[in-house]
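Its first residue numbered 766, the sequence shown is counted upward by one per residue in our numbering.
For each residue, glycine too, the CB sits at the ideal point set by N, CA and C.
Below is one structure, written out as structure tokens; the observations come after it.
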Amino acid sequence: MNKPLRRIAIFCALLVLTLLLRDNWLQYVKADELRTDTNNRRVAIEQYATPRGDIIVDGKSITGSTKSSSGDFEYKRTYKDGAMWAPVTGFASQAYGTNQIENLEDGILTGTDDRLFFRNTLDMITGKPKEGGNVVTTLNTAAQKAAYEGLSKRGKGAVAAIDPSTGAILALASYPSYDPSTIAGSNDGTAWNKLLKKNNPDDPMLNRALRETYPPGSTFKVVTAAAALEDGLYTSADQKTDSPLPWVMTGTTTELKNEGSIPCKNASLRVALRYSCNTVFGKVGADLGNEKMLAEAKKFGFTSEQFTPVRTNASVFSDDMNPSQTALSSIGQYNTAATPLQMAMVASAVANDGKLMKPYMVDKLQAPNLDTLEQTDPQELSRPLSSKNAQILQSMMETVVKEGTGTAAQIDGVTVGGKTGTAQHGVDNSEKPYAWFLSYAKLSDNSSPVAVAVVVEDDNANRDDISGGGLAAPIAKSVMEAVINSKQ
766 MNKPLRRIAI FCALLVLTLL LRDNWLQYVK ADELRTDTNN RRVAIEQYAT PRGDIIVDGK
826 SITGSTKSSS GDFEYKRTYK DGAMWAPVTG FASQAYGTNQ IENLEDGILT GTDDRLFFRN
886 TLDMITGKPK EGGNVVTTLN TAAQKAAYEG LSKRGKGAVA AIDPSTGAIL ALASYPSYDP
946 STIAGSNDGT AWNKLLKKNN PDDPMLNRAL RETYPPGSTF KVVTAAAALE DGLYTSADQK
1006 TDSPLPWVMT GTTTELKNEG SIPCKNASLR VALRYSCNTV FGKVGADLGN EKMLAEAKKF
1066 GFTSEQFTPV RTNASVFSDD MNPSQTALSS IGQYNTAATP LQMAMVASAV ANDGKLMKPY
1126 MVDKLQAPNL DTLEQTDPQE LSRPLSSKNA QILQSMMETV VKEGTGTAAQ IDGVTVGGKT
1186 GTAQHGVDNS EKPYAWFLSY AKLSDNSSPV AVAVVVEDDN ANRDDISGGG LAAPIAKSVM
1246 EAVINSKQ
């Protein structure tokens, strides 16, 4: 073979080798990535080629599937009471993809999860169509309904309710909301655009229970009281505190004010929580200092995202504050911010004798034949308080409901502990405040089946009428009653 022909032959061989390498790279190395690429339309077609499995609450499906009327997607997702359950389910849209549980458990719901491989192989051999599995949640229908209906009467807000003994989420409501059925198809652009924040200032697709951080106001005083007890600054609920009146914040000439004429001078922690004394808890925070306050807040879950499995925003307590900023943060002001789920976790830890359980809302994953593929085991997250100090704080919170600002949450035959909050926001407190209430219920056997946090943004209320006890506590009461009644 002459030299030019030999060069051409070598060049052609290199081209063939390159093609073989490229082909093997695509088929074996990149196969999974290409198969699951969202830009691969065949992925979406396969996703909606069969009915999706269901999301289950109290043994009943809150989702379904129906035949599509047009296009190359065979099935479309449907929802029952979609707006009420949207903060739990998220959406599954032929045009806009999936989010929340619909996204995180998509493999189970579509039947493509690796744990279903053996079953899918048998179905392929027998000619049986592929089926999706189910996601069984921890949610309580009655509690969710009470939360959603309570919020709907107030305009905006969120509710989170937890079983303190396990961390199971019992209610997760956000208002205003949206019906995921309206955007489930492939031609729902008009409905989608109406839901976007730029077109709808109410932002109905915002999951306020998990993704919105609000100034917690006086509800954060529960965390500050816990820090005072845990650090040994005070050792009982009825010990007098070192709290002068007026009290000038450390390093400033500014007095920290209380709301109205209330008995806050050297008040005990019990009296201070009952009347919500800013001076007492602000000075506690300043006395403990930023480092100790931050450490206690972190034990309750602040500064960390939670995965329920839906991700939450991290609640905020800063690590670089001077004494006056720490004082303000210790009464839920300055830049302290919390999700409703976070504040439900605070109430939950107190109710559970100081043990904070990891919040979760998926109880188990099921195969199409209802076999359990995965079961969630409750996990301890932290110990913000000793059992002794938790019981001291319980007695203080129960005084708030018996005799203080939380009387609207009282339930006959049930011991309720709580804390109200009215959180300032806006430049120079220019906006209407948020109304907060966090609480727990205790039964006669000393068990605590539910802890709740409620935040209300009532734009229609008169400013002077906005209070945690007036707006948020009745919603918390109805949620607690729903959980208690469902267990009887």
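Across the structure, Asp788 and Thr1073 are spaced so that their CA atoms are roughly 41 Å apart. Using a C-beta cut-off of 8 Å, the segment 1029-1040 makes no contact with the segment 1080-1089, since fewer than three inter-stretch Cβ pairs fall below that distance. The secondary-structure analysis by DSSP pairs Arg1148 with nothing; it has no beta-bridge partner. Just so you know, the alpha carbons of Asn899 and Glu1222 end up roughly 35 Å apart. Collapsing the DSSP output to three states places Ile810 in a helix. A residue is called buried once 16 or more other Cβ atoms fall within 10 Å of its Cβ, and Val1049 is buried on that count.
With a threshold of 16 other beta carbon atoms within 10 Å, Pro969 meets it and is buried. Taking 8 Å as the cut-off, the beta carbon of Thr831 is found no closer than this to the beta carbon of Tyr844. Put simply, the backbone Cα of Pro1124 is about 18 Å away from that of Ala912.
Tyr913: member of the alpha helix (DSSP H) spanning Thr906 to Ser917, first to last residue.
Boundaries of the beta strand (DSSP E) around Asp1128: Val1127 to Gln1131. The C-beta separation of Arg973 from Asn1078 comes to about 10 Å, leaving the pair out of contact by the 8 Å criterion. DSSP, reduced to helix, strand and coil, places Trp1012 outside both helices and strands of the structure shown, so it counts as coil. For Tyr979 and Thr1104, the gap between their C-alpha atoms comes out near 6 Å. Taking the C-beta atoms as reference points, Ile873 is found no nearer than 8 Å to Phe838.
Taking every protein chain shown into account, the CB of Leu782 has fewer than 16 other CB atoms within 10 angstroms, so this residue is exposed. Judged by pairs of C-beta atoms under 8 Å, the segment 1108-1116 does not touch the segment 999-1019, as fewer than three such pairs exist. Boundaries of the alpha helix (DSSP H) around Leu994: Lys986 to Asp996.
Note: Trp1201 is bridge-paired with Gly1186 and Val1220 in the DSSP secondary-structure output. If you draw a 10 Å sphere on the C-beta of Asp1210, you find fewer than 16 other C-beta atoms in it, and that means exposed. Bounds of the alpha helix (DSSP H) holding Thr955 are Gly954 to Leu960. Fully enclosed alpha helix (DSSP H) runs of no fewer than 4 residues occupy 1043-1053 and 1055-1064 of the segment 1035-1083, in order along the chain. Judged by pairs of C-beta atoms under 8 Å, the segment 1136-1156 does not touch the segment 1199-1214, as fewer than three such pairs exist. Across the set Leu881, Ser834, Asp819 and Asp879, the C-alpha of Asp819 shows the shortest separation from the C-alpha of Phe856. If you check the CB distance, Leu1121 and Gln1131 do not come in under 8 Å.
One thing to note: Asp823 has its Cβ within 8 Å of the Cβ of Asn905. Excluding the 5 residues flanking it on each side, Ser1160 has same chain C-beta neighbours closer than 6 Å at Ala1002, in chain order. A distance below 6 Å between beta-carbons, with the five flanking residues on each side excluded, links Arg1076 to the following residues of its chain, in chain order: Glu1070.
Taking the CA atoms as reference points, Gly1235 sits about 35 Å from Thr828.
Contact check between the segment 1045-1063 and the segment 980-997: three or more CB pairs, one atom from each, fall below 8 Å, which counts as touching. Residue nearest to Lys841 within the set Ser858, Asp1007, Ala1112 and Thr955 is Ser858 (criterion: CA-CA distance). Comparing alpha carbon positions, the residue from Met1110, Glu1024, Met1126 and Ala1102 closest to Phe1082 is Ala1102.
The shortest C-alpha to C-alpha distance from Gln1144 to any of Ala938, Lys1153 and Met1126 is the one to Met1126. Residue state for Ala1173 is assigned as helix, using DSSP reduced to three classes.
The Cβ atoms of Val1248 and Ala908 lie closer than 8 Å to each other. A check of alpha carbon separations from Arg919 across Glu1246, Trp1201, Ala1216 and Ser1251 identifies Trp1201 as the nearest.
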